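Taken in sequence, the protein lines are chains A and B.
So in numbering that gives the first Met the number 0, spot 160 of the first sequence is number 159, and the numbers just go up one at a time.
So in numbering that gives the first Met the number 0, spot 42 of the second sequence is number 41, and the numbers just go up one at a time.
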Amino acid sequence: MRRLMRFAARLYPAAWRARYGEEFEALLEDIGPGWRDVWNVLGGALKMQITTWAWWKLVPALGLAGAIVMAVAAFTMQPRYESSAVIRVTPTVVRESPGQSLEQEMRDQVRHQAVAIQVRHQVVAMVVKAQDPTSLKDIIHDERLYPRGVGRGTIEDAVAQLQRDTRFVPSDGAQVLAVSFRYPDAIKAQRVIQKLIGLMMEGNIGGAVEGQTPSLVTVLDPASLPIKPVYPNWPFMIAIGLGAGALIGCLYSARSGWRVVLFSGAVGAPLTIGLAGLVWGRPLLHSHAPPVLAVGGCLLGLTVGSVVVLLRRRPLTG
Amino acid sequence: MSDPTLLVLASLADGEKHGYAVMEDVMRFAGVRLGPGTLYGAITRLEQRGWIRPVGGGDRRQPYALTAVGRTYLEAQVANLDRVLRTAMERLRPA
Numbered sequence: 000m001r002r003l004m005r006f007a008a009r010l011y012p013a014a015w016r017a018r019y020g021e022e023f024e025a026l027l028e029d030i031g032p033g034w035r036d037v038w039n040v041l042g043g044a045l046k047m048q049i050t051t052w053a054w055w056k057l058v059p060a061l062g063l064a065g066a067i068v069m070a071v072a073a074f075t076m077q078p079r080y081e082s083s084a085v086i087r088v089t090p091t092v093v094r095e096s097p098g099q100s101l102e103q104e105m106r107d108q109v110r111h112q113a114v115a116i117q118v119r120h121q122v123v124a125m126v127v128k129a130q131d132p133t134s135l136k137d138i139i140h141d142e143r144l145y146p147r148g149v150g151r152g153t154i155e156d157a158v159a160q161l162q163r164d165t166r167f168v169p170s171d172g173a174q175v176l177a178v179s180f181r182y183p184d185a186i187k188a189q190r191v192i193q194k195l196i197g198l199m200m201e202g203n204i205g206g207a208v209e210g211q212t213p214s215l216v217t218v219l220d221p222a223s224l225p226i227k228p229v230y231p232n233w234p235f236m237i238a239i240g241l242g243a244g245a246l247i248g249c250l251y252s253a254r255s256g257w258r259v260v261l262f263s264g265a266v267g268a269p270l271t272i273g274l275a276g277l278v279w280g281r282p283l284l285h286s287h288a289p290p291v292l293a294v295g296g297c298l299l300g301l302t303v304g305s306v307v308v309l310l311r312r313r314p315l316t317g
Numbered sequence: 000m001s002d003p004t005l006l007v008l009a010s011l012a013d014g015e016k017h018g019y020a021v022m023e024d025v026m027r028f029a030g031v032r033l034g035p036g037t038l039y040g041a042i043t044r045l046e047q048r049g050w051i052r053p054v055g056g057g058d059r060r061q062p063y064a065l066t067a068v069g070r071t072y073l074e075a076q077v078a079n080l081d082r083v084l085r086t087a088m089e090r091l092r093p094a
């Protein structure tokens with residue numbers, strides 16, 4: 000224990016040890032340290048290091064610490080695999096040969112619109128079937144999904160979770176539909192997608208408009224067996240930890256110039272939104288981008304403000 | 000009251016003491032055990048602010064004493080605490 004305590008005491012900054020080292024060691028000899036004291040000395044050394052470090056040492060150190068914390072967090076998270084499949088919904092309406100007359104062309108256009116509506120109708124019926132709680136309960140039961148329970152542990156909560164973990168992305172005028180499902184087990188994720196495709200086939204038949212034949216459903220990409228997890232995203236999480244740690248280091252080091260830092264942060268948000276608005280125009284305002292831009296601009300402003308304060312205090316060179 | 004700097008100042012108010020003696024004294028009058036890291040963190044801050052100073056020497060156990068500024072600060076803090084305590088006591092007294 001004493002050896003450990005001496006090691007912990009050596010973690011204090013050199014200048015501090017030169018001034019207090021001897022008397023601190025005398026104190027440690029007097030108290031006969033226990034585990035609580037070891038932690039106390041370790042905490043004291045860390046605090047002393049942080050308060051005495053120059054910003055150019057503190058910012059990368061906290062950035063590194065943030066990256067390590069996020070890497071550990073990512074390591075402890077349960078990985079999630081995503082299986083996906085792509086299907087094409089083709090209407091079974093027989094097209095007439097291109098008409099020569101205006102009347103025939105108009106009839107063709109009306110037919111095209113009817114076909115588009117039919118496809119959308121069919122796709123909606125297919126998705127509704129693939130989200131049907133009764134069918135999903137069967138999948139959860141057969142595949143033994145969510146064994147540890149979700150929410151309050153009811154089957155309804157598990158169904159809601161399965162619905163949240165499933166995504167339907169239509170494209171090409173809803174004729175092509177990508178379906179994906181995320182789950183901690185890659186094989187189960189693939190099997191769920193296979194079953195969902197089966198349900199969608201049933202939905203296609205059940206959802207056909209009376210008097211018409213169902214659309215033709217072609218599986219373009221069958222349910223994939225994922226090899227790499229999509230979550231946790233290691234590079235993203237480590238980058239977030241690095242950035243957050245460095246920002247905290249900047250803000251802490253530049254706390255004496257807090258007015259400049261706060262002003263930069265406050266100006267950063269509207270400035271970023273304004274600049275983005277100039278570049279991308281009106282559509283930007285109707286998207287989800289403004290809140291993200293506001294937060295990003297504010298963080299950028301805080302970073303720039305604190306860097307300005309720090310550079311004015313102690314230039315990197317000279 | 001668990002602010003280590005105030006506890007150390009209070010301990011040194013009746014005369015100079017070294018680290019271990021401060022630790023024991025604080026434990027006796029406040030029932031708070033200051034860890035070695037916490038104690039020396041407080042001593043470092045107090046010395047930097049000029050509220051305490053090392054006295055004597057020669058021994059590894061370095062004693063510290065209150066400076067005049069430190070005493071003034073402690074008196075102001077104690078007066079504040081006293082006001083808070085008296086108000087609390089009055090308000091707690093049954094009507």
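We put the CB at the ideal spot given by N, CA and C, even for glycine.
Source: prediction; values computed, not measured.
Contact check, residue i vs residue j, beta carbons under 8 Å
i         : j         : result
ALA222(A) : SER82(A)  : yes
PRO183(A) : LEU176(A) : no
VAL68(A)  : GLY202(A) : no
GLN189(A) : GLN162(A) : no
LEU26(A)  : TYR19(B)  : yes
LEU10(A)  : TYR251(A) : no
GLY295(A) : LEU63(A)  : no
ILE186(A) : ALA70(A)  : no
LEU198(A) : ARG87(A)  : no
ARG2(A)   : GLY34(B)  : no
TRP50(B)  : GLY36(B)  : no
VAL126(A) : PRO90(A)  : no
SER249(A) : ALA268(A) : Checking the sequence, you will find Cys at residue 249(A) rather than Ser. No, they are not a contact pair.
GLY304(A) : SER255(A) : no
PRO78(A)  : TYR230(A) : yes
ILE138(A) : VAL85(A)  : no
GLU21(A)  : ARG59(B)  : yes
ALA173(A) : VAL122(A) : yes
VAL54(B)  : TYR63(B)  : yes
TYR39(B)  : TYR19(A)  : yes
SER214(A) : VAL118(A) : yes
VAL83(B)  : ILE42(B)  : no
ALA29(B)  : LEU73(B)  : no
VAL259(A) : VAL308(A) : yes
ALA8(A)   : GLU28(A)  : no
LEU65(B)  : LEU5(B)   : no
Within chain B, partners of residue i - CB distance below 9 Å
i         : result
ASP141(A) : Near ASP141(A) there are no residues of chain B at all, since even the closest Cβ is about 57 Å away, more than 9 Å.
MET47(A)  : GLY36, TYR39, GLY40, THR43
ASP184(A) : Per Cβ cutoff of 9 Å: no residues; ASP184(A) is ~46 Å from chain B at best.
Below-8 Å beta-carbon distance, residue i vs any chain B residue
i         : result
LEU315(A) : Summary for LEU315(A): the model assigns pLDDT 42, below 50, so the residue's position carries little reliability; its value from the coordinates is reported in the next sentence. Chain B, which has no Cβ nearer than 8 Å to the Cβ of LEU315(A), makes this no.
GLU321(A) : No statement about residue 321(A) is possible, as the shown extent of chain A runs from 0 to 317 and does not include it.
LEU151(A) : Note that residue 151(A) is Arg in the sequence shown, not Leu. Closer than 8 Å: no.
TRP257(A) : no
ILE237(A) : no
LEU274(A) : no
Residues that residue i contacts on chain C, provided the C-beta gap is smaller than 9 Å
i        : result
LEU27(A) : Included in the structure are the protein chains A and B, with no chain C among them.
First and last residue of the uninterrupted alpha helix (DSSP H) at residue i
i         : result
THR217(A) : Taken as a continuous stretch (DSSP letters only), THR217(A) belongs to no alpha helix (DSSP H), being part of the beta strand (DSSP E) at 215 to 220.
ILE186(A) : 185 to 205
THR66(B)  : Note, THR66(B): premise wrong, no alpha helix (DSSP H); not H, not E.
ALA14(A)  : 13 to 30
THR153(A) : Careful: THR153(A) lies outside any alpha helix (DSSP H) and carries neither H nor E.
MET236(A) : 233 to 252
LYS128(A) : 101 to 129
HIS140(A) : 132 to 142
LEU277(A) : 257 to 279
Residue-chain proximity (residue i, chain A), Cβ-Cβ < 8 Å
i        : result
ARG52(B) : no
ARG60(B) : yes
Boundaries of the beta strand (DSSP E) in which residue i is found, first to last residue
i         : result
PRO53(B)  : 51 to 53
ARG181(A) : 175 to 182
ARG87(A)  : 80 to 89
SER10(B)  : First-last for SER10(B): 3 to 11, but that is the alpha helix (DSSP H), not the beta strand (DSSP E).
ARG166(A) : 165 to 170
Under 7 Å by beta carbon: chain B residues contacting residue i
i        : result
GLY42(A) : GLY36
Chain-ordered chain B contacts of residue i [CB-CB under 8 Å]
i         : result
TRP15(A)  : THR43
ARG35(A)  : GLY34
ASN382(A) : With chain A running from 0 to 317 in the structure shown, residue 382(A) is simply not present.
ILE30(A)  : TYR19, MET22, PRO35
- When you check each C-beta in the segment 16 to 49 of chain B against every C-beta of chain A, which residues fall closer than 8 Å? HIS17, GLY18, TYR19, MET22, GLY34, PRO35, GLY36, THR37, LEU38, TYR39, GLY40, ILE42, THR43
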